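Report on one structure; see the data block that follows.
Residue numbers (the UniProt record's numbering): 1 to 110.
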């Protein structure tokens with residue numbers, strides 16, 4: 001998996017604790033090693049985590065190693081971004097995008 005700096009990795013085992021029970025909104029990137037657009041997003045997610053850490057928790061989930069969570073949220077394309085607030089998915093976006101656009105799309109959930 002193309003690991004982004006400052007971004008925690010979550011999996012099936014700790015998804016509920018790290019994402020569903022988090023006090024901040026959580027942006028989850030569903031990602032995979034074999035996904036070039038996912039690699040493009042690593043620096044974007046690192047910057048986002050560094051700049052918005054007070055308001056938003058950013059995590060990555062490797063779809064190949066975490067089929068339960070991937071299937072539970074019907075994730076079919078990589079990268080898929082989902083925002084969770086109070087244990088519920090409130091927004092989903094598919095595909096790589098520049099940081100500015102990602103921030104614009106997240107504005108209504110932050």
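Glycine included, every Cβ here is placed at the ideal spot set by N, Cα and C.
The structure displayed is predicted, hence computed values, not measured ones.
Endpoints, the beta strand (DSSP E) within which residue i is located
i: residue 82; result: 80-85
Cβ-based burial, residue i [other Cβ within 10 Å; buried from 16]
i: residue 57; result: buried
Selection from the options that minimises the alpha carbon distance to residue i
i: residue 13; options: 108, 65, 107, 44; result: 65
i: residue 45; options: 6, 68, 67; result: 6
i: residue 40; options: 78, 67, 82, 83; result: 78
i: residue 94; options: 35, 8, 9, 15; result: 35
Expected contact under 8 Å - CB spacing of residue i and residue j to nearest Å
i: residue 103; j: residue 27; result: Contact flag wrong, Cβ pair sits at about 11 Å.
i: residue 24; j: residue 55; result: 7 Å
i: residue 15; j: residue 70; result: Going by Cβ atoms, the distance from residue 15 to residue 70 rounds to 10 Å, so no, they are not a contact pair.
i: residue 61; j: residue 10; result: 5 Å
Contact under 8 Å by Cβ, residue i with residue j
i: residue 42; j: residue 74; result: no
i: residue 63; j: residue 18; result: no
Check: residue i C-beta below 7 Å from any heavy atom of the ligand HEM
i: residue 4; result: Inclusion of the ligand HEM in the displayed structure is not the case, the ligand content being empty and no account of it being possible.
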